[in-house]
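If you're matching positions, the sequence shown starts at 1 in full-length UniProt numbering and goes up one per residue.
Glycine residues also receive a C-beta, built at the ideal position from the N, C-alpha and C atoms.
So the structure is just underneath, and the comments pick up after that.
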Amino acid sequence: MSTTSLQTIGAIKSYHHQAQHLVKNYLLADPFIPYTSVLTGIFLCKVVYDLCHFISNSHSKTYIILTKIQRIEWNNRGISTVHAIFISAMSLYFVFWSDLFSDRWHNDLVVFRSSRLSSLGLGISIGYFLADLGMIFWKYPSLGGIEYIVHHSLSGVAVAYSLFSGEGQLYTYMVLISEITTPEINLRWYLDTAGMKKSLAYVVNGVFIFLAWLVARILLFIYMFYHVYLHYNQVMRMHIFGYVLVFGVPAALGVMNLIWFGKIVRGVKKTLAKRCEC
């Protein structure tokens with residue numbers, strides 16, 4: 001093996017060790033996680049936006065003929081889809097599979113439990129909410145009206161408090177499971193934009209939206225409040241601001257979810273009625 005090859009291998013190993021040191025001692029160090037994870041979330045939003053533009057511009061005939069604002073929304077929805085898949089997977093893991101918030105394996109209070117990974121996930125989510133809010137304000141009201149601003153603001157404040165205080169992360173992740181409905185909502189917009197509103201895929205996706213919304217944004221919220229009821233003696237020991245957030249934010253989002261669910265039900269009925277007439 002040549003001297004040049006050995007030097008190259010040595011340089012790669014050196015960079016690898018430096019990267020590991022950076023991640024371990026800074027990016028994932030407890031004092032820095034809240035800040036580095038938020039910045040990472042914002043940076044990833046930019047990366048996904050650019051990737052959506054590049055891939056769509058190269059492979060989508062629909063994207064090419066869209067207006068400028070439609071392209072921005074197309075890419076923006078790509079960001080929200082990737083974030084939704086990431087955070088809903090993280091949320092399902094922590095709520096239903098991880099031992100971090102299990103009553104069986106821990107004696108300390110569930111409302112004060114957190115980990116590096118759980119904090120990292122929340123920080124990345126905050127980065128998304130900040131980036132998306134910035135885009136909504138930038139192109140207001142093209143990317144969403146006041147209801148989106150209220151939704152993102154409430155969610156962002158609750159997630160930020162949970163991240164920086166370490167309180168109520170379980171309930172934050174329970175609420176974030178509702179993001180599992182976002183990919184279906186975005187797919188509905190993509191199909192509509194592509195002129196496929198009368199397709200079978202559009203109808204099937206509408207049914208999936210109905211089922212996912214019912215489970216993730218209605219029934220799961222009921223389960224969350226039941227869990228709070230069972231652990232109310234622990235919730236009372238949270239800071240007053242955290243206590244208010246545990247009840248106030250899910251209640252406000254729950255009302256919004258019910259209003260939107262009513263629109264979804266009417267939309268599904270209308271779509272199915274048209275299919276039956278055909």
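Asked: Buried or exposed, going by whether 16 or more other CB atoms sit within 10 Å of the CB of Arg237?; Found: exposed
Asked: Let me know the secondary structure DSSP gives Glu167 once reduced to three states.; Found: coil
Asked: Using only the alpha-carbon positions, how far apart do Ser153 and Val38 sit?; Found: 15 Å
Asked: Just to confirm, are Ser91 and Ile33 a CB contact at a threshold of 7 Å?; Found: no
Asked: For the stretch 203 to 232, list the alpha helix (DSSP H) runs that are entirely contained and at least 4 residues long, ordered along the chain.; Found: 220 to 230
Asked: Can you grab the Cα-Cα spacing for the pair Asn233 / Gln169, in whole Å?; Found: 16 Å
Asked: Report the option in Gly41, Lys269, Val48, Thr62 whose CA atom is closest to the CA atom of Gly195.; Found: Thr62
Asked: Going straight from the alpha carbon of residue 304 to that of His83, what length do you get?; Found: Because the chain spans 1 through 278 in this model, residue 304 falls outside it and cannot be assessed.
Asked: With Ser56 as the anchor, note down where its alpha helix (DSSP H) starts and where it stops.; Found: 33 to 59
Asked: Taking the beta carbon of Phe96 as the centre, do at least 16 other beta carbons fall within 10 Å, making it buried, or is it exposed?; Found: exposed
Asked: Quick check: Val268 and Gly206, are their CB atoms within less than 7 Å of each other?; Found: yes
Asked: Write down the C-beta distance between Asn257 and Ile209 rounded to the nearest angstrom, noting that I regard them as a contact closer than 8 Å.; Found: The pair is not a contact, with the Cβ atoms about 12 Å apart (cut-off 8 Å).
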